[in-house]
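Inspection log for the structure reproduced underneath, given as structure tokens.
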Amino acid sequence: ENTLVIPWEDLEVLAVREGDLLHLRLEARSGLKLYELLAEGRMLALLLNPNQDYVYLRLLRALSARLKGEFSPQAFGPELAEKYRQAPWEALQDFARKVLELALKRLGGADPAPLLQEVGQAMGQEQEAQVLAEALREYLGRRPPTRETLGGEVHLLSIGAEPLALKVGQTVLSLRPRNAPSGDPQEDVLYVGQAGEIPRRLKDLLVYRLPEGTVVLAREGRRLAYLVMGNP
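Under our numbering, the letters of the sequence shown match residues 9 to 240, in that order.
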């Protein structure tokens with residue numbers, strides 16, 4: 009299966025060849041940008057899973073160090089999780105995004121599985137390393153992402169002046185916009201939160217863990233997309 013994206017004015021033509029068939033689809037560029045953010049958010053949801061002392065984030069950091077030639081299993085042990093737990097969520101998510109970006113840059117398109125298997129064995133986390141390798145393969149192999157490859161139902165909304173409410177199971181998330189003084193929608197701030205909690209700021213991407221599932225929210229200007237993933 010081969011995929012090609014052709015820019016055309018404010019649209020993009022997505023061409024996918026499957027055997028002798030060629031599928032064509034027109035997408036607004038902003039829509040594709042939102043899908044790319046959602047795909048990144050799905051990866052971040054795995055990395056930010058706190059189970060087993062943030063094992064997936066530690067494994068990805070270990071992979072990045074191994075690619076640089078500076079891997080030591082002791083440097084990525086469970087004690088790192090305490091720092092992650094104490095960090096504000098926004099700072100932890102930004103950190104995970106940078107770890108992912110650096111690891112992918114060092115990987116350079118190579119298959120992550122062999123080296124992840126190596127670091128996983130050294131850290132005693134072989135099964136988790138395999139899960140992370142499959143997630144990275146899926147993330148890298150489905151560029152550009154589409155509604156079909158993202159998994160789960162993708163919801164698209166427009167951000168106006170009034171608050172929005174998203175219901176996830178029994179939980180209601182409130183989305184409250186705050187317009188920028190410049191009037192530029194790219195500089196507007198959107199806050200997401202539950203009643204009684206300090207809201208979190210949504211710049212372009214936010215991973216929000218709930219008992220009912222993990223909500224991945226992506227934003228570009230006044231367009232918002234989100235999907236809900238099941239918790240492991």
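We put the beta carbon where it would ideally sit given N, CA and C, even for glycine. From a predicted model like this one, the values you see are computed outputs, not experimental measurements.
Annotation note: the stretch 55-94 contains the following uninterrupted alpha helix (DSSP H) runs of length 4 or greater, listed N- to C-terminal: 59-76, 88-94. Excluding the 5 residues flanking it on each side, M237 has same chain C-beta neighbours closer than 7 Å at R50, A53, G160, G221, T222, V224, in chain order. Residue range 221-228 is occupied by the beta strand (DSSP E) that includes V223. In this chain, the beta strand (DSSP E) harbouring R231 covers 231-237. With distances taken between CA atoms, L144 lies nearest to L65 out of I206, P96, L65. The beta carbons of L68 and L100 sit no closer together than 8 Å.
When secondary structure is reduced to three states using DSSP, P122 falls in the helix class.
Judged by DSSP secondary structure, A173 falls within the beta strand (DSSP E) whose first and last residues are 172-176. Boundaries of the alpha helix (DSSP H) harbouring V107: 97-115, taken from the DSSP string. Note: R209 is bridge-paired with Y199 in the DSSP secondary-structure output. The shortest CA-to-CA distance from G39 to any of N239, R227, L235 is the one to R227. The C-beta distance from P152 to E44 rounds to 6 Å, short enough to fall under 8 Å.
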